[in-house]
Amino acid sequence: SQTIHQWPATLVQPVGSPLSLECTVEGTSNPNLYWYRQAAGRGLQLLFYSIGIDQISSEVPQNLSASRPQDRQFILSSKKLLLSDSGFYLCAWSPRGNSPLHFGNGTRLTVT
Amino acid sequence: GQQVMQIPQYQHVQEGEDFTTYCNSSTTLSNIQWYKQRPGGHPVFLIQLVKSGEVKKQKRLTFQFGEAKKNSSLHITATQTTDVGTYFCAGPVEGSSNTGKLIFGQGTTLQVKP
Chain A
1 SQTIHQWPAT LVQPVGSPLS LECTVEGTSN PNLYWYRQAA GRGLQLLFYS
51 IGIDQISSEV PQNLSASRPQ DRQFILSSKK LLLSDSGFYL CAWSPRGNSP
101 LHFGNGTRLT VT
Chain B
113 GQQVMQIPQY QHVQEGEDFT TYCNSSTTLS NIQWYKQRPG GHPVFLIQLV
163 KSGEVKKQKR LTFQFGEAKK NSSLHITATQ TTDVGTYFCA GPVEGSSNTG
213 KLIFGQGTTL QVKP
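Protein sequences appear in the order of chains A and B. So in this note's numbering, the last one in the first sequence is 112, and the numbering has no gaps at all. So in this note's numbering, the last one in the second sequence is 226, and the numbering has no gaps at all.
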């Protein structure tokens with residue numbers, strides 16, 4: 001069966017420090033991969049999505065970037081964190097097409 | 113731009129009471145999905161509705177997709193404390209084809225008093 005791993009679970013980082021969040025999927029090939037952010041326990045905002053290796057689309061201009069160096073690996077990065085980057089970051093995958101999303105456990109990021 | 117709106121934002125009920133959350137899209141959707149997020153957890157897929165007027169049931173949960181495929185509802189009969197959480201509806205982003213991109217509603221947070 002398919003599983004999705006996301007780490008770390010929690011992270012406290014100072015303003016101006018770099019960020020790297022990693023997500024991997026097992027048990028499937030060529031998944032669509034997504035990074036969402038949830039602020040203050042509310043709605044989900046799509047940040048990036050990827051339909052293949054090195055194929056990344058950004059949904060909103062921001063201080064973050066994403067990379068997909070391998071088929072089942074998706075990385076969210078920042079060179080210098082801002083206070084406004086705090087939030088709950090969720091990685092998700094889906095098969096090709098209009099299929100449901102499967103979310104990882106998320107990373108709670110606090111920028112101080 | 114495309115919007116998906118949910119009401120109410122919060123709902124407090126006594127255990128055993130019914131609960132309904134409504135989802136409205138600014139555009140016609142090819143399908144609508146519902147997710148549940150427990151406090152401190154991640155969203156978990158509940159169901160997908162595809163057909164106009166479709167009704168699906170999962171035990172005490174009843175999901176409906178409107179005739180115009182622009183609205184949906186989730187109704188929980190006789191709520192239990194295990195129903196606590198935030199319920200999100202989501203639909204495909206316009207023009208997203210096979211990317212699987214979804215636009216989520218803001219969610220309805222359900223609190224159940226035992």
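Glycine is no exception: its CB is placed at the ideal position from the N, C-alpha and C atoms.
- Annotated three-state conformation of SER185(B) is strand, per DSSP.
- In the DSSP annotation of this structure, the continuous segment of the beta strand (DSSP E) that includes GLU26(A) starts and ends at 19 to 26.
- Counting the other Cβ atoms within 10 Å of the Cβ of ILE215(B) gives 16 or more, which makes it buried.
- THR191(B) is the residue among THR191(B), LEU173(B), GLY153(B) and GLN118(B) whose C-alpha sits nearest the C-alpha of GLY128(B).
- A contact between stretches requires three or more CB pairs, one per stretch, nearer than 8 Å, and the stretch 24 to 31 of chain A meets this requirement with the stretch 82 to 94 of chain A.
- Of all C-beta pairs linking the stretch 142 to 152 of chain B to the stretch 205 to 212 of chain B, fewer than three are shorter than 8 Å, placing the two stretches out of contact.
- Setting aside the 5 residues that flank it on each side, SER164(B) is surrounded in the same chain by PHE177, GLY178, GLU179, ALA180 and LYS181, each with a C-beta closer than 8 Å to its C-beta; the list follows chain order.
- In this structure the stretch 69 to 82 of chain A does not touch the stretch 114 to 128 of chain B; the number of beta carbon pairs closer than 8 Å is below three.
- For the options GLY197(B), PHE157(B) and GLN123(B), the alpha carbon positioned closest to that of ARG150(B) is the one of GLY197(B).
- Going by C-alpha positions, GLN123(B) is about 29 Å away from LEU47(A).
- Judged by DSSP secondary structure, HIS5(A) falls within the beta strand (DSSP E) whose first and last residues are 3 to 7.
- Here PRO100(A) is buried. Its C-beta has 16 or more other C-beta atoms within 10 Å.
- Take the alpha-carbon of THR193(B) and the one of VAL125(B): they are about 10 Å apart.
- DSSP, reduced to helix, strand and coil, places LEU158(B) within a strand of the structure shown.
- For the C-beta of PHE200(B), the chain A residues within less than 8 Å are, from N- to C-terminus, GLY43 and LEU44.
- Remark: C-beta atoms of LEU186(B) and THR221(B) do not approach each other more closely than 8 Å.
- For GLN2(A), the CB contacts under 6 Å within the same chain, skipping 5 residues up- and downstream, are GLY27 and THR28 in chain order.
- The beta-carbon of PRO100(A) is placed less than 8 Å from the nearest beta-carbon of chain B.
- DSSP, read as helix, strand or coil, puts ASN32(A) in strand.
- Under DSSP, PRO204(B) takes part in a beta bridge, and its partners are LEU214(B).
- In this structure, the straight-line span from the alpha carbon of ASP195(B) to that of GLN218(B) is close to 18 Å.
- Contact of LYS213(B) with chain A by beta-carbon distance below 9 Å involves ASN32, TYR34, LEU46, TYR49, SER57 and GLU59.
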